[in-house]
Structure formats: structure tokens, C-alpha cells
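Participant:
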Amino acid sequence: MSVAFTETDKLKVRDISQASRGRTLIDWAEARMPVLMQLRKEHAAKQSLKGMRIAGCLHVTKETAVLVETLRAAGAEISWSGCNPLSTNDEVAAALAANGISIYAWHGMNVEEFYWCIDRTLEMKPTLTLDDGADLIFSVHNRHPELATTIIGGTEETTTGVHRLRAMAADGALRYPVIAVNDAETKWDFDNVFGTGQSSIDGILRATSVLLAGKNFVVAGYGHCGSGCALRAAGMGANVICTEIKPTAALKAILNGHRVMPMDEAAAVGDVFITATGMKDVIVGRHFAVMKDGAIVCNTGHYDCEINITDLEAMATSKREIRANCEEYTLADGRRIFLLAQGRLVNLAAAEGHPSEVMDMSFANQFLSMVRLAREGRNLAKGVHDIPEEQDQHIAGIKLQTMGTCVDALTPEQVAYLTDYSSGT
Ligand code: 9W4
123 MSVAFTETDK LKVRDISQAS RGRTLIDWAE ARMPVLMQLR KEHAAKQSLK GMRIAGCLHV
183 TKETAVLVET LRAAGAEISW SGCNPLSTND EVAAALAANG ISIYAWHGMN VEEFYWCIDR
243 TLEMKPTLTL DDGADLIFSV HNRHPELATT IIGGTEETTT GVHRLRAMAA DGALRYPVIA
303 VNDAETKWDF DNVFGTGQSS IDGILRATSV LLAGKNFVVA GYGHCGSGCA LRAAGMGANV
363 ICTEIKPTAA LKAILNGHRV MPMDEAAAVG DVFITATGMK DVIVGRHFAV MKDGAIVCNT
423 GHYDCEINIT DLEAMATSKR EIRANCEEYT LADGRRIFLL AQGRLVNLAA AEGHPSEVMD
483 MSFANQFLSM VRLAREGRNL AKGVHDIPEE QDQHIAGIKL QTMGTCVDAL TPEQVAYLTD
543 YSSGT
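Count along the sequence shown from 1, add 122, and you get the number used in the working numbering.
(1) Can you tell me whether DSSP reads residue 126 as helix, strand or coil?
(2) Quick check on this structure: which residue in 405, 407, 408, 349 has the alpha carbon closest to the alpha carbon of residue 381?
(3) Return yes when at least one heavy atom of the ligand 9W4 lies under 7 Å from the C-beta of residue 322, else no.
(4) By how many angstroms is the C-alpha of residue 457 removed from the C-alpha of residue 488?
(5) Hey, is residue 471 close to the ligand 9W4, as in C-beta under 7 Å from one of its heavy atoms?
(6) If you count every other CB in all the chains shown that lies within 10 Å of the CB of residue 320, and 16 or more means buried, which is it?
(7) From the DSSP output, read off the bridge partner residues of residue 371.
(8) Going by other Cβ atoms of all chains shown within 10 Å of its Cβ, with 16 needed for buried, is residue 528 buried or exposed?
(9) Take residue 422 as the anchor and find which of 459, 471, 177, 449 has the nearest alpha-carbon.
(10) Taking the alpha helix (DSSP H) that residue 322 falls in, what are its first and last residues?
(11) Relative to the alpha-carbon of residue 425, which residue among 438, 432, 398, 408 has its alpha-carbon at the smallest distance?
(12) So the candidates are 136, 255, 305, 276; which of them puts its Cα closest to the Cα of residue 249?
(13) Would the beta-carbon of residue 203 be found less than 7 Å away from any heavy atom of the ligand 9W4?
(14) So, with DSSP's three-state summary, where would you put residue 230?
(15) Pick helix, strand or coil for residue 441, following the three-state DSSP scheme.
(16) From residue 336 to residue 359, what does the alpha carbon distance come to, in whole angstroms?
(17) Thinking just about the alpha-carbon of each residue, which of 219, 149, 305 is nearest to the one in residue 140?
(18) How is the alpha helix (DSSP H) around residue 192 delimited, first residue to last?
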């Protein structure tokens, strides 16, 4: 591979000549992100972010590019880095760079380069930080504490990042207000159920091209991600079996028409297995020992330890790659087990993560949180803040409107009825 980087005093990307391909991808995403595009129009006119300097550390994808260009259209100056070396799309990074955005990101960078990129973005002395995983906020606090005095506030995209920041705030160590974008209903509910649900099935199909109809499809964990996978697999004609440890979740699975059984039983009847629990050792040696010949196993949970690959490796007599993200393990008795994406997140490694339509709402939350911080961040206390309920309803409302769907509104009489306690029931 060529390693001809494009580097100036305000950017470093793999190869800026890839910009036109990246722009095509961004155009495609824009057409599927109507909420952000509407917010872009509104806030470009108002210049809501004028005077703001935003440092961002977030996956450099076509969807993120739509967010970045929306922030800039609203008047902000931007400096960006990627938050995971494997998620950076070099073509998209090139397109942003060619459009005059300061960006430091390339696919496959190492840890040292990762922090170098973050440090470069902080040279602009940001007034706002935008994070996925909180690395930018940690960099400010640990390596550039002097910047914290002029930063008005920040946002955080992920569950893990929000957890860490809450711990930091509890210790009194967080030096500015941070909005937990992850906790917005229009973010996590749609990401997990509809984003992970569809993209996990997409990953399985890209890696295997199997027919799902008629297959026994085992979903480990009936949380939001698991229920999304179950819903979509059932929609394609699979017989869904769920495994759970939590009685209420298991009951929901049953009432949604799925079967529930322990993994020790499901292991023997499943054709396709997907783990979505966030826990380690969900599928281990004794499960592989009873699986059918040809069973397909993959993970869409938070960690890559849900499937015990060490056990599988130990039981296998041979292993070969069948196609991208699909490896065949042959066991001593001749049975074959197919492991997808090496047990990593199948929706990211074998597919493309959440569809743009889903990212539209997550990133609308990012955008509106930046606008809120610019407006009232100076009055917000240090610590982690939730997204207001009205913002969720506002975003869902715009999404519905762009889909041509209308909802009812209560009449004044109905509103009065809601709060009336004088006339009994
Ligand atoms: N992507 C990712 C991470 C690891 C990884 C080795 C080859 C998350 C959210 C969004 O984490 C992300 N490892 C890979 S590919 C890969 C991709 N390997 C491992 O074998 C492949 C990631 C948010 N998002 C969407 O979901 C859609 N647009 C977005 O911005 C993106 C990427």
C-alpha cells in the first residue's frame, strides 16, 4: 500500500487525491440524514455556533462528515481526529480535508499517532469538545489541563464514555460540563434496536450469504441489541431462540413470539448464533462440543470475549478462511463451525455499522447539544448533564416530518383533563 500522506500545518490524511470518492460517499449519507440537513439550513442562517472552536474526536465516517459540515455551516471552526484507527474512512477524511476542514486521521494509525492527532486538534484551543469514548476530554484533563479553563463544555457519544465521565464527575475531577448524548432516547434506543439489529444481520449475510428463512437463529441476550437482531431475523423467516439470565427480558422475548431456553440446550439446535450480552464466555467449549455441523457463530455485543475463541482454537484440528470475515474451524469428529469476524463486532467488521438514517438522529443530538453548550454552557455546572426530553421530541418530530408522517396533538380540553383531579375517574 502507498504511504503517501498529505500533511500541512492544519491536516494530515492518507491521500487527499481520494477526496472526490469521499465526497460521493458524503453526498449519499446527506441524502439519508434529513434531520441534520434541516438543522444545517436553520442554524447556518442563525450562525448559532459563530465564534465557537470545536475539537472533535469521533469515527471518521460519511455520517460523521455530515455532522462536521453541519457544525461548520453553523459558524464553528473545526479540528477533527478519528476515535478508532480502524473506523477511519480515508476517502471521507480526504474529502473533509479538501473542503478546508482541519483533520488529522488515517486508517490503521498506531496508538502514538492517535494521541499525536488529538494533540494537534487541541492546538486550536477549543471552546467545545465532542467525544466518542472520552479520549479528547481525558487528553485535556491529563495532558493539557490549562485548556480546561477556556472550554465551555463538551459532549460524549457512547455508553462507556458516559460511564467514565460520571465516575470522574463523582470524584470532582471533571472540570467542565459534559452532555451525555448517549442517554438520549433518539440515540441509544434507535442505535441499539434498529441500527444494531439491521447491521448485524447485514454482517452475517455479507460474511456468509446463508438463507435465514427456516434457520434456528439463536440470540444470546434479549436487551436492546439482542431484541433488534431477533426482530429482524424473525422478519426474514428464521425461527428465533433467545437465551437470557433476566426473567423479565426472557418473558418479553416469549411474548414477542420467540422461544427461550438455556444456551446449553440452544447450542445443540442452533444454525446461527449471535451474542449480544456484554458478558464474557457466553459461548464456550461445552457449547461447541454439541453444535451441529455447519453452525455459524458471531458476536454483536460490547466485547469480543462473548465467544470463547481460545476454547474453539483448542478443540479445532484445522482452520481455514472461507471468505472475508468467515473462518471455518474443523473439530476432531469432523464437524465444522464457522466463526465470523474473529468474534469481533460483526455489524462493524463485516458490515458498515448503523445505517445513515439511524446516525442522523444520534448526530442531531450531538449538533443540538453543541448549540445548547454555546448558548448556555457557561451557566451549566461542571459534571455530566442529560439531554432534555424536549430535544428528543424535537428530533423525533423533525424525523417524522421528513418522512411525511404527522402525529396528533392534544386539544386544550384534553390537556386540562390530564391534570384535572376534581371529577374522579
Ligand atoms: N468501527 C470499527 C471498529 C473496529 C473495527 C480486524 C478486520 C463505531 C461506531 C460508528 O468502531 C467502529 N475492527 C475491524 S473493522 C472495525 C470497525 N476489523 C477488525 O479485522 C476488521 C465504529 C458510528 N457510525 C456508524 O455506525 C455508522 N456511521 C457511523 O459514524 C462507526 C464505526
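All C-beta atoms in this analysis are idealised placements derived from N, C-alpha and C, irrespective of residue type, glycine included.
Facilitator: This is what the structure gives:
(1) coil
(2) 349
(3) no
(4) 48 Å
(5) yes
(6) buried
(7) Answer by DSSP bridge pairing: none, since residue 371 is not bridged.
(8) exposed
(9) 471
(10) 319-330
(11) 398
(12) 276
(13) no
(14) coil
(15) strand
(16) 6 Å
(17) 219
(18) 184-195
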